[in-house]
Structures are given as structure tokens and as C-alpha cells.
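Participant:
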Amino acid sequence: MAVLTYIQAITQAMKEEMQQNEKVFVLGEDVGVKGGVFKATEGLIEEFGEERVIDTPLAESAIAGVGIGAAMYGMRPVAEMQFADFIMPAVNQIISEAAKIRYRSNNDWHCPIVIRAPYGGGVHGGLYHSQSVEAVFANQPGLKIVMPSSPSDAKGLLKAAIRDEDPVLFFEHKRGYRLLKEDVSEADDILPIGQAAVKKEGSDVTIITYGLCVHFAQQAAEKLESEGVTTEILDLRTVYPLDQEAIIAAASKTGKVLLVTEDNKEGSIISEVSAIINEHCLFDLDAPVRRLAAPEVPAMPFAPNLEKEFMMNPEKIERELRDLASF
Amino acid sequence: MAVLTYIQAITQAMKEEMQQNEKVFVLGEDVGVKGGVFKATEGLIEEFGEERVIDTPLAESAIAGVGIGAAMYGMRPVAEMQFADFIMPAVNQIISEAAKIRYRSNNDWHCPIVIRAPYGGGVHGGLYHSQSVEAVFANQPGLKIVMPSSPSDAKGLLKAAIRDEDPVLFFEHKRGYRLLKEDVSEADDILPIGQAAVKKEGSDVTIITYGLCVHFAQQAAEKLESEGVTTEILDLRTVYPLDQEAIIAAASKTGKVLLVTEDNKEGSIISEVSAIINEHCLFDLDAPVRRLAAPEVPAMPFAPNLEKEFMMNPEKIERELRDLASF
Amino acid sequence: MDNEQNKLVENHELLLEMYREMLRARRIDERMWILNRSGQIPFVVSCQGQEVSQVAAAFALDKDQDYALPYYRDLGVVLHFGMTTKELMLQAYGKADDPNSGGRQMPNHFGQKKNRIVTGSSPVTTQVPHAAGFALASKMEKKQAVSFVTMGEGSTNQGDFHEGLNYAAVQKLPVIFMVENNKYAISVPLNKQIACAKISDRALGYGMEGITVDGDDPFAVYKAVDEARKRALHHEGPTLIETVSNRLTGHSSDDNHLMYRTEEELDEAKEKDGIIQFKEYLKEQQILTDEKETEMEAEIKQEINEATEYAENASYADVTTLAHYVYSQEEAK
Amino acid sequence: MDNEQNKLVENHELLLEMYREMLRARRIDERMWILNRSGQIPFVVSCQGQEVSQVAAAFALDKDQDYALPYYRDLGVVLHFGMTTKELMLQAYGKADDPNSGGRQMPNHFGQKKNRIVTGSSPVTTQVPHAAGFALASKMEKKQAVSFVTMGEGSTNQGDFHEGLNYAAVQKLPVIFMVENNKYAISVPLNKQIACAKISDRALGYGMEGITVDGDDPFAVYKAVDEARKRALHHEGPTLIETVSNRLTGHSSDDNHLMYRTEEELDEAKEKDGIIQFKEYLKEQQILTDEKETEMEAEIKQEINEATEYAENASYADVTTLAHYVYSQEEAK
Ligand SMILES: Cc1ncc(C[n+]2csc(CCOP(=O)(O)OP(=O)(O)O)c2C)c(N)n1
Ligand SMILES: Cc1ncc(C[n+]2csc(CCOP(=O)(O)OP(=O)(O)O)c2C)c(N)n1
Ligand SMILES: [Mg+2]
Ligand SMILES: [Mg+2]
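Protein chains in written order, with full-length UniProt numbering: chain F, 1 to 327; chain Z, 1 to 327; chain V, 1 to 333; chain C, 1 to 333.
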């Protein structure tokens, strides 16, 4: 065991997979000598050479598209989008191609690519370096979307994503990169994609969330603990397709559910979670399912006060939680 | 009044707006001499010339991007994507640009563009000429998404979209193009974007849906009428941002709600509708909100039997409706 | 005429094989139109007018090593890579045994792994970066293989064309980009698509070789592809080849091209039909006799008849398979 | 040297104005770095090394008619189009009165309608099709205006570059595409971005004029833009101009460029600094005196001091405005 930050866990996962399987390679903008703008690929070019750690031209559709081609061939590309916001030029390759290759070819071809991208705000990134983009892709059968909330999860899930036989979008919270630290096993641990995890047991209220918000939820839940309110926290981990069973279990357990996302509310991941609960747990609910999300604006502004107002934080969650608990 | 098909109503709307405002122009692939692959722009080049009816190179990001530039300048571009499936290369221009121009410039610039595209299946189009793509965009504040269900609505809403000060995605059901016919007013009628419409009053069950599915819902509801079950049908018309008030009213009215979409279920428009109902009408519900949607596969296959199995139809709705009514 | 081309000219058997492949593509396509017009199949998108380019190019490749990433008109390419007439008919009917997609995709959306034909979609040009990806992978694995990707000239205006060619050029990947310029993107004529003189003028901006050849001339196409392949395998990078010919049909069975094209233009195009020119050459050179021709036509006709009947009687995929293969092992569920 | 360029050489006042604008851009940028390093502002992305190209180009435009679609390094362009030092400082601090975005966007995401500066975003190259759109509209409205759009050389590898240039070329739109080639895309050097010799080699593939000039030479840049503007207004179509110079700083305040760049390379770049060369020229020609220079520097310094103080003390937008302006009249709600 060693204490790793979230980003170190990610680097570690890529490194181990590259050591074990020579078909794994990474490509993206500045991933080589610079080691990525956040240093996620630091040290990789030194260890694996520029053949397997490829600095690409500034062209996201090519990064995805070349990766998709290589994946169909039989390689295991790990493509980096420098910021999740810049995945948009690659949407056609991801939705029209990666997601549909297995289905359209009736299982003749498949496309085991991983596309990593840092998402989320709170880093003075303004509109285009702060977005949560998962909802754009969370309606596309054929894709999987993973958003880990801790270093251990990040490592285990990224390794699983690289070994997965299908395309996986892997979104990493950029503010979590250095904020989140914990002991991470050095073993070759793989976490199953598609399974949510109970991060905290409780019996009064349930929070269902993912990514950095899990961290905020934990902080909020602790505050209420002293007042005798215990919170069940379900971390979705894979936000598409969702782990329905785990959602149903977590919602039914307390009957009071708070859904949290850093994304704006309408059309977000937590809308689907709410719909699932509505379909399956109506008679177990003691209060309407609540959604706590960002305001309906295009993205987070740059000015620090506006950014703070937009961002999710433990206080906002605590407030809702308290209110819901006393419903 | 004259009987118009859905597509004639669309042509008519463009024609009238072009006659009234010389800043309105259309651009897209094959919209000129050919009049569009579905003939939506038929006759326009003859009337307005090739300066205002522009056959573009085969490049959707340019069609959107050039339109966005012209819109910022002060024109009223109506861009056609030949099929909704081919809007994907333009996602960056639509989400990163059109949706965010007003907000990011603090109201200094704005972008009154309309992007039209035929969506939906049932025409032997296979995976890439049948998709419902609205969910990709239905999480982006700054955008509006309109999906009319009848010729009159199509005309009134398209005229409204062209006059709107903000970007509007306008999705037309291609199977509806010639299937749907009705008397359409020749007056300069504008329908408000953002408002759902009750298409049928009823008191036992509520169907909330949009696009061609409204037509199927009406057929299903009629079947049940003879058995004494009356159905309220709410046509969303604008699927983003949603008309919450109308949804809440329609759901509360009967307490039994069936949501219908041709799209696959997870992450669809009706997931958001369900979440809204869940938040606001929990104690008015007599049964869990049901979602009727396509199976979770990437898109509709070509083979006629598979296509039929995938497609929404009155029978599927009738079955669910009957079941829900007797809950 | 250089050596390689000379070899081709002298290899009468090969020339006859090439001719046969072109003819087979043409006759299959013609049959599909008949089936469409008589209501048997809902859709056709044709190779007619481009078979010479397709077949000559494919013959210059190594179909046991190279990867083909064809576009929807490339009947000639996939035939050479090993797709059978029966399989082509199965896909036209959308039947379960269609090896491309089991009837899931529209006709002419090719893909067949065992024959190294990479699965394609409808949105044009997405295959171009894929071709760079295949080349990158085969270069990493030190294989003696190139990837061969085709598209229409209209598709060269998509962003993915630019990004794919640039990527391949920067990393000197073994790819051959072949643009089949038939002068139309559905109804949009060349002068509304591009302002450059030739599509191959784009090669300079990627720092790669570019060449325009007469797509109706099998010798010129063969030579261009053959040289490009050598260049690719010698680590000299990718090549952009433009083959100029004519689309002899509407864009697809849904398109009436006389709405935007004159009869005269079409008649002219038909006169330049590469298959007819090639046949005349073969006859002049006494490589093809009338007898041989009749025999060939008969064989092909029978093959198509059998394939059509087989496909017509074949079953659609069972509806219970609708949700299979979204993800790995989905069918096991 | 042709007439236009001659006129420029002889117009000493204009040359001094140009120099002053370049200097102003440089000094503002330098101040921003100081503010960043001392923790006052979170982010800087620099114009340093590109001011000569930017200012010389902007001077060849008609800022009362033409539209500018600048990218994040174009301090020199926006200054000339009318953005004030105070406004630039307001945006660096993200304050409410920042005319670009009211503090919503990161610094150097320019846009100011009254000065015909079109709002830009972070994803690179999206502005390129917009420029074609502005040109299309002004052509439709028969205005004597061009649209002038810039980007880095790395950004020329995006699909939108290709689609935007092709669109403009096909319809002969009055656009000037200027690529500021500073030889790096963040850390990625030119040889990993492109395989062509010059970015302007791409012009041929669009059938438009293309030219590469020394970005440190104001006369060459001015002439290229001036000629391109005339061509545009004479309906001769768009032009692709590449200005080659050096990035004298890290990519941004978040980047340590010595991780991928040698000290020697950087020293060499600094020696070629266009501003210094231009100053030397002006002095040699006795257009600029030491006295005038001192005065200029002092004036600029004072302007920057005042602007900085003003911006520092200005307020952020009120948090109640967070949800304003998502749609039209939203604020009325
Ligand atoms: C991204 C995308 N946009 C639009 C279409 C619709 N479409 C199909 S083929 C075609 C024209 C293609 O022209 P070209 O590339 O020249 O190929 P050709 O059909 O002439 O061989 C168009 C516009 C598509 N398939 N994909
Ligand atoms: C679509 C997109 N991808 C990635 C980025 C991140 N990024 C910002 S600037 C930059 C390099 C730009 O290089 P170049 O175009 O040469 O401009 P320069 O900064 O050198 O002036 C990158 C990769 C971005 N802003 N947009
Ligand atoms: Mg063509
Ligand atoms: Mg650069």
C-alpha cells in the first residue's frame, strides 16, 4: 500500500497496464515529453518510448478516430482528451463509430478503446475548462462511462476500462487530481465496470452521486452524523449504463433520496437515476426524490465568486440533506 | 386553410419567413436544385435564388459554423442537416458555440440560428438514417429543441424558431413528412416555443410524449376510449428546456402517467420528464410513472422485422396504457 | 510505362481476371437495381462507373495482408477482398446471414473481418482516421501491411479527411487514401464542393505524395496504387490518390439525377465507361475473345441468379436477437 | 517593395503608431505575468513574440468595417480594434465590467461587439467557420468589409480549419485567414504537428492564395494582409497567410516550457524578437528617438498602472447575475 493522489493512481494504472500488455499505448496532445497538462502521463514516455506514448497533432476527432482504428485492429489505445470540454469535436467518432461498431457489424468487429478526459470545475477554468460532459454521451448504448471518486477506484476502474472489450469514456475530476489521496493497493486490483458502490452505510437518508461529489457528500454526511442522522451514500462509479439494482436498493433502504451532480440539472445523469427510482421504488419513498445540481447555465464562469456560486460543495449538500431528513 | 403534409408545412414556414425577412436564408447539402433529399426546400431556390438557398460542401461542422457566424452578424440562417444522424460532426459548433455565445459574451453577442434535421425511423434507414438524437443536446442551457408532432405545429413552431433570438434545433420526424396531413392555417401564425400542448383531454391516464409518437398515442387512446378509458395526451413540442408547469399539471390530473419516446430509454427526454414528475407530483401519483421506449441498442436495424420490433407504434402504447389504466 | 505497369500489360491472365471482377461488380449492381425497381429490395447505392478504379486498385494490394476500409460504392473492392456474390445479395436483402451486419445496416455498409474489410458506417469520412489507426497499429506490430481507404470527392471536405490525412502524414503511416471523384456529392457538382483544381492538390498541405489519375484507366490506377503501396511499406508515408470517373446512375435508388444533370452529360459519361473501354482494349489486344466474353457473362449471370434466389429465400435475423451484441458477451445474457 | 509597402515605409507617423501599439501589447502582457506571479490573477496566456504580426496585420484592416475573430494571443489585434488597456485589465481580473464576458470567460477570450471583435471560446479553431459566416453575411449585404480570423499553427490541424477554409474558398468569400505560426502547440513541436513545409502549402488544396511571411517583419505582414484585403473585396476570394515567429513565453502561466525547449532555442528566439528589430529599424531611420521612446514607455506604463489599479478595485459581477443571459431577455425574469 502507498498513499497516492487520484492522478497518481491514474498514472499508475496506465503504467501497469502498459507493462503487462504491449498492445496498450497512449495518445493525445502533450502526453509525451510534457507528460500531459495535468501530468497524468508523466514518466510514461521515458519508460515506454514515443512509439507507445504519442504526442498527436491538435485534432480530437483524429485522436479518437485513429484510436478507434487501432482498437479495431486489436490494440488497446488509451486516448487522452486534454479537457473534457474538448471532446466535442470527437463526438461523431465516439457516438457514430465507437459506440456502434460491435452492434452494426453483428459482433464481427469490436472497439476496445479508452478515452480519458479531465472534467469538472473549481479550478478557475471558466466556461471551457470546467464542464461536466457525461450527459452528452449517456444515452448511447454501446458506450460505457466511468467516473471514479477516489484514487483506489480510479486505479481499479481504469485498469478495468483498459481491459474492457468495449469503448469506455473515463472522466476524471480535475480538482480531485491532487485533492484526493488515499492508500492504494499495489496489487493488480480490477474493479468491475457497471457496478455502483455503497461508500457509507446509513439508514435515514440516501445520497446517490458520483465523481468529486461523492467526496463532498461524505463531508456533508459526517456533519449530520453528530446530530444522529445517518446517510447511505451510493457512488454510481459507472454513470452509463447505470447499476439499476444498486440504485433501487439504496433508494428503498431509506425512502428519502438526494441525488447530487456537479452538472446542471435538466437532462443530467441524476434525472435518469430519479426516473429509475420512480419506476421501481414509488411505494418505498417517504419524500419526493430531490435533485441537487448546478444552475441551468451553459457552464461555470471564471470569476471566483460566480464559480463558487455554481460549484457543488459540502454545504449545499448538507443543507438539502438536513431538509430532506426532517421531511 | 389548406390541407398540407407535415413537410409541406415546413416548406411553407421557410418560404413565408424568407418572403417577410430578407435576412432569412437556408443552407445545407442538396437544398438547392434538388430541393433537399426529402424535398423540404423544394421551390425555394427558384423563388429566392442561390444566394439565399445555398448548396454547401459536404461538411456539417461548416454548415453549422458558417451559419453561426452569419447569425452573430445579424442574419437568420436556417441550416439543414441532411439526417439528424449526421449532426454529430457539428456537435462542437452547436454545444461549444451556438449554445454558449450569449452567455459567454454577457449578452453582447447572440446567435439566432435554426438547425433543422429529419430524425426518427420506420423508413428502412438502418442505424444511421433513423436515430433520435435529441438527448445528446438536451442538457445544454442556451439551446432550445423543438420537435413538432403535426403539420400546424410544424409550421407555427418553425416560424417561431426562425424569429427566435437564440439557437433552436428543430427535429422533424421523417416518417411523419408524408404520413401526417391536416388543415393548416394560411395566416402568419406563430406558436410559442417552450410550451407543451394538451392534444387530447382525458381523466384516467396521461400520456406525455412528442414528435411522431403523439400520433401513435392518439391512435392508442382512441382504442381505449370505446372501453371507457379516457386519456390526457400532453405533447411536449419543445423537448428542451421542458415546460415543467404543463408536465406537472398533466401528471397530477390523472395520477397515472405513461411517458413515450421512440428513443432508447436510458438518458432520454422522458427520463427528465419522469424526474420532474417525481419531484413535484409524488403524492398525486396512483401508480409509478412508466416509460415506454426503444430497446437499449445503438440504433434501429435495417431488416424490416428488426426495425418493426424496435419502432414505437400504437399497439405498444395501447398495451401499456391498458395495463396502467387497470393498475 | 514503367516495369510494374509493363508487367501488368503483359500479364493477360491477370488482365482478364481484373476485367471479370469489374464485370461481376457491374452485373451485381445492375441486378440490384432491377430488384429495387421491382420492389424486392428497398435501396441500392451503385458502383456503376467506378468499378475500374476499384478493381484495379484492389488488384495492386495484398488482400491477405492489407486492410480495406471501403465506402458504400466499393463493390469492386470488397469483391476482390473476398466477399462473395451470395454475401452481397444477402446484405442487399438485409438477411441474417449477411456477413457485414446480419441485416442490421443498410446495403453497401461493408465489413467482414475474415477478409480484412473494416466495418463502415453511413456518416461519410469517419473511416479515414480509422485507416490511419490500422496503419499505426500494423506499423507498431511491424507488419508488412498497408491500409487502403476510399471515399468520394465530396467527403474530402469533411474535417475527418483533414485530420486523418494529417495524422498519417506526420507519423509516416502506411496508408493509401483513394478518392473516387465522380464529380457529384448527391446533387452538388464539383464546383460547389471545392475551389481547387484537383483533389490531389490537397496532398501538398499534408506533405504527402498526391496524384490524380483517370479512374477509367485500369493501368494508371493500378500503377498509382502499386507505387503508393511500395512507398508506404518503405516508410515513405501515405499517398493521396484521386481517380476521376463518372457516376453512371443516380446517387442512389432514391435519387432522380436528371433533376440536376442533363441527358447529354450522362450520355457522354456512359461513352467513357471504363468497363467498355477496357473490354475494347482487351479485344483489340486479342486478350478477350467474343467467346470468352459470352462465357464470362453467362457464368456471372448464373452466379447472380443463384445468389439472388438464395438471398431471397434466406431468413431475416430473429427478432429475439435485436438486443444482441451491444456489448461484449451480450448474447450470453 | 511595391507602392503600398512604400507608402507605409514613408508614413513615419503610422510606423510610430504601429510601434506604440506593439509596445503597448508587450507591456500589458508583461504586467499580467507580474500580476500572475504575485498571485493577483490566476492565468495569463501571452502575445509575446507575436505582437508584430498582430499589430501590422490589424493596421492593414479597416477597423470600422472589418470584423476581427481573434484567438487568445491576439492582444495586438484587439488593442488596434479598440479595446482599452483598462478593459484588458478588467478581463484579466475577471471583473464585472470586462466587456468581453463580464468575468465569465478566462482571460484573453476576446469579444466586443461595438469594436467588431467577435466573441471567441476556448476550443480552438471554431472561429474559422464563423469568419466564413461573417464574410458570407457581409457579402450578402454587399458591404465593403472582410472578416479577419487568426489561429495558431497547431489549430490548423483541426477539422474546422479545413471545413472553414474550403467553404470560404468555394463561395469566394471575403475572409483573411492568418495563422500565427509560433512553432509549438503547447509542448508539441512543429514536426509532430505537420509534415508539410509551410502551413501556407494548405492553400493550394482550397484553391486560394497562400503566403508565408516573416512574422517579425511588420512590412511583410502589412503587405500580405493589405493585398489579401484587396483581393477579398475584389471578389477574388480568401487568402491564407502564415506569419512565422516565436513564442517567447511558456504556453501559458501554467506551463514550464523549459521542460521541452532548450535555453539556447529560447535565447535565439529572443534575439529575433520583432519588437526589438522594429525599434532598431525605427531608430536607424531616425523615426524613433531615444526621447520619444522614453516618453512612450512612460505613457504606457502610466496607462497600465492606472488600468491595473482600476481593475483591481473593480467589483466582480454580482452572484445574482449567474443565471442571466442564457436566453434572450433572461435578465427580465
Ligand atoms: C456526415 C454525412 N453527411 C451527409 C451524408 C449524406 N450523404 C450520403 S452520400 C453523400 C454524398 C457523398 O458524396 P461523395 O463523397 O462525392 O461520394 P459519392 O456518393 O459521390 O461517391 C451525402 C451528402 C452522410 N452520409 N454523412
Ligand atoms: C479543441 C481544443 N483542444 C485542445 C485545446 C487545449 N489547447 C489550448 S491551446 C493549445 C495549443 C494551441 O497551439 P497553436 O494552435 O499552435 O496556438 P499557440 O498556442 O501556439 O499560439 C491546446 C492544445 C483547446 N483549447 N481546444
Ligand atoms: Mg462524389
Ligand atoms: Mg503554435
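All residues carry an ideal CB built from backbone N, CA and C; glycine is no exception.
If the cut-off is 9 Å on Cβ atoms, which residues from the segment 61–81 of chain Z count as contacting chain C, listed in chain order?
Facilitator: So the close ones are S61, A62, I63, A64, G65, V66, G67, I68, G69, A70, A71, M72, Y73, G74, M75, P77.
Participant: Would H12/V and I287/V be called neighbours here (beta carbons separated by less than 8 Å)?
Facilitator: Locating residue 12/V in the third sequence gives position 12, counting from the first residue. Locating residue 287/V in the third sequence gives position 287, counting from the first residue. Cβ distance < 8 Å, so H12/V and I287/V count as in contact.
Participant: Secondary structure at R291/F, three-state DSSP: helix, strand or coil?
Facilitator: Here residue 291/F refers to the residue found at position 291 of the first sequence. Three-state DSSP puts R291/F in a strand.
Participant: Starting from the beta carbon of P238/V, find every residue of chain F whose beta carbon is closer than 7 Å, and list them in chain order.
Facilitator: Residue mapping note: residue 238/V aligns to position 238 of the third sequence, counting from 1. None at all; the shortest Cβ gap to chain F is about 13 Å.
Participant: Confirm the yes/no value for this check: CB of G39/V, any heavy atom of ligand 3, distance under 7 Å.
Facilitator: Indexing the third sequence from 1 puts residue 39/V at position 39. Answer for G39/V: no, Cβ out of range of ligand 3.
Participant: Chain F partners of A137/V, CB-CB under 8 Å?
Facilitator: Taking the first residue of the third sequence as 1, we reach residue 137/V at position 137. Simply G69, A70, Y73, G74, M75.
Participant: Whether or not the segment 297–306 of chain F and the segment 306–325 of chain C are in contact is what I'm after, with contact meaning three or more pairs of Cβ atoms, one per stretch, closer than 8 Å; do they touch?
Facilitator: Touching, yes, given that three or more Cβ pairs across the two stretches are closer than 8 Å.
Participant: If I follow the unbroken beta strand (DSSP E) through Y119/F, where does it start and stop?
Facilitator: Locating residue 119/F in the first sequence gives position 119, counting from the first residue. It spans 114–119 - the beta strand (DSSP E) in which Y119/F sits, taken as one unbroken run.
Participant: Could you check whether the Cβ of Y316/V sits closer than 8 Å to any Cβ belonging to chain Z?
Facilitator: On the third sequence, residue 316/V is found 316 positions in, with the first residue counted as 1. Output row for Y316/V: interface = yes.
Participant: Since S53/V contacts Y128/Z with CB under 8 Å, what's their CB separation in whole angstroms?
Facilitator: Position 53 of the third sequence, counted from the start, is the residue given in the question as residue 53/V. Position 128 of the second sequence, counted from the start, is the residue given in the question as residue 128/Z. In fact, because the Cβ distance is near 25 Å, the residues do not count as touching under 8 Å.
Participant: So which residues put a beta carbon under 6 Å from any heavy atom of ligand 3, going in chain order?
Facilitator: For ligand 3, the selected residues are G152/V, E153/V, G154/V, N182/V, Y184/V, A185/V.
Participant: When every heavy atom of ligand 1 is checked, does at least one fall within less than 7 Å of the C-beta of F86/Z?
Facilitator: Residue numbering aside, residue 86/Z sits at position 86 when the second sequence is read from its first letter. True, at least one ligand heavy atom lies under 7 Å from that Cβ.
Participant: Counting C-beta neighbours from all protein chains within 10 Å, is the total for G210/V 16 or more, i.e. buried, or is it exposed?
Facilitator: The count along the third sequence starts at 1 and reaches residue 210/V at position 210. By the 10 Å Cβ count, G210/V comes out buried.
Participant: Would you check if the distance between the CB atom of S150/F and the CB atom of S185/F is smaller than 8 Å?
Facilitator: One-based indexing of the first sequence puts residue 150/F at position 150. One-based indexing of the first sequence puts residue 185/F at position 185. Cβ atoms of S150/F and S185/F: not closer than 8 Å.
Participant: From this set, K198/C, Y167/C, R231/C, which residue's C-alpha is nearest L190/V's C-alpha?
Facilitator: Counting from one through the third sequence, the residue named residue 190/V turns up at place 190. For the residues K198/C, Y167/C, R231/C, the minimum Cα distance to L190/V belongs to Y167/C.
Participant: Here's the rule: buried if 16 or more other CB atoms are within 10 angstroms of the residue's CB, otherwise exposed. What is E284/C?
Facilitator: Residue numbering aside, residue 284/C sits at position 284 when the fourth sequence is read from its first letter. By the neighbour-count rule (16 or more Cβ atoms within 10 Å), E284/C is not buried but exposed.
Participant: Run the proximity test for R116/Z: is its beta-carbon closer than 7 Å to any non-hydrogen atom belonging to ligand 1?
Facilitator: The sequence position of residue 116/Z within the second sequence is 116, counting from 1. No, the Cβ of R116/Z stays beyond 7 Å of every heavy atom of ligand 1.
Participant: Give the residues from the segment 113–131 of chain V that approach chain F closer than 7 Å (Cβ to any Cβ), ordered along the chain.
Facilitator: Under the 7 Å Cβ criterion, the segment 113–131 of chain V contributes K113, V118, T119, S121, P123, T126, P129, H130, A131.
Participant: Helix, strand or coil for R104/C per DSSP?
Facilitator: Here residue 104/C refers to the residue found at position 104 of the fourth sequence. Coil at R104/C, not helix or strand.
Participant: Please list the partners that S96/F has in chain V, where partner means a Cβ-to-Cβ separation under 7 Å.
Facilitator: Looking up residue 96/F in the first sequence gives position 96. Those are S121, P123, T126, listed as they occur along chain V.
Participant: On the DSSP bridge list, what partners appear for Q112/V?
Facilitator: To locate residue 112/V, count along the third sequence from 1; it is residue 112. Answer is I117/V, bridged to Q112/V.
Participant: For Y167/C, which residues in chain Z fall below 9 Å Cβ to Cβ?
Facilitator: On the fourth sequence, position 167 is the one that residue 167/C refers to. Here the neighbours are T56, P57, A59, A62, I63, G65, V66.
Participant: Just checking my contact of A96/C with G103/C at CB under 8 Å: how many whole Å lie between their CB atoms?
Facilitator: One-based indexing of the fourth sequence puts residue 96/C at position 96. One-based indexing of the fourth sequence puts residue 103/C at position 103. 6 Å between Cβ atoms; contact.
Participant: Between Q48/C, Q105/C, V118/C, C47/C, which lies nearest to G82/C when the distance is taken from Cα to Cα?
Facilitator: As a working mapping, residue 82/C is identified with position 82 in the fourth sequence. Ranking the options by Cα distance to G82/C, first place goes to V118/C.
Participant: Suppose the cutoff is 6 Å on Cβ atoms and the five residues either side in sequence are ignored; what does the same chain contact list for H280/Z look like?
Facilitator: Numbered from its first residue, the second sequence carries residue 280/Z at position 280. The answer, listed in chain order, is I248.
Participant: Could you check if R247/V belongs to the surroundings of ligand 1, using beta carbon to heavy atom distance under 7 Å?
Facilitator: As a first step, residue 247/V must be located in the third sequence, where it is residue number 247. Yes; taking the cut-off as 7 Å, the Cβ of R247/V has a heavy atom of ligand 1 nearer than that.
Participant: Examine chain Z for any beta-carbon lying closer than 8 Å to the beta-carbon of G250/V, and answer yes or no.
Facilitator: Residue 250/V sits at position 250 when you count from the first residue of the third sequence. It does not: the Cβ of G250/V has no partner Cβ on chain Z nearer than 8 Å.
Participant: Where does M1/V land, buried or exposed, given buried means 16+ other C-beta within 10 angstroms?
Facilitator: The residue given as residue 1/V occupies position 1 in the third sequence. Low local confidence applies: a pLDDT of 48 at M1/V is under 50, so the model's placement there is unreliable, with the coordinate-based value given in what follows. Result: exposed.
Participant: What separation, rounded to the nearest whole angstrom, lies between the Cα atoms of A90/Z and R76/F?
Facilitator: In the second sequence, residue 90/Z corresponds to position 90, counting from 1. In the first sequence, residue 76/F corresponds to position 76, counting from 1. Looking at the two C-alpha atoms, the distance is approximately 28 Å.
Participant: Any heavy atom of ligand 2 closer than 7 Å to the beta-carbon of E271/C?
Facilitator: As a working mapping, residue 271/C is identified with position 271 in the fourth sequence. No, the Cβ of E271/C stays beyond 7 Å of every heavy atom of ligand 2.
Participant: Check whether the Cβ of R73/C sits closer than 7 Å to any heavy atom of ligand 2, and report yes or no.
Facilitator: The count along the fourth sequence starts at 1 and reaches residue 73/C at position 73. Checking every heavy atom of ligand 2 against the Cβ of R73/C, one is found closer than 7 Å.
Participant: If you reduce the DSSP assignment to three classes, tell me which class K223/F lands in.
Facilitator: Residue mapping note: residue 223/F aligns to position 223 of the first sequence, counting from 1. K223/F: helix per DSSP, three-state reduction.
Participant: What's the gap between the Cα of A187/F and the Cα of T11/F?
Facilitator: As a working mapping, residue 187/F is identified with position 187 in the first sequence. As a working mapping, residue 11/F is identified with position 11 in the first sequence. Near 15 Å, if we compare the C-alpha coordinates of T11/F and A187/F.
Participant: Verify the contact flag: G46/C, CB atom, against every heavy atom of ligand 1, threshold strictly below 7 Å.
Facilitator: Looking up residue 46/C in the fourth sequence gives position 46. The displayed chain sequence assigns Ser, not Gly, to residue 46/C. No; taking the cut-off as 7 Å, the Cβ of S46/C has no heavy atom of ligand 1 nearer than that.
Participant: Going along chain Z, which residues have a C-beta under 9 Å from Y240/F?
Facilitator: Position 240 of the first sequence, counted from the first residue, corresponds to residue 240/F. Chain Z residues near Y240/F: E266, G267.
Participant: Mind pulling the chain F residues with CB within less than 8 Å of A323/C?
Facilitator: As a working note, residue 323/C is residue 323 in the fourth sequence. Correct list: P295, E296, V297.
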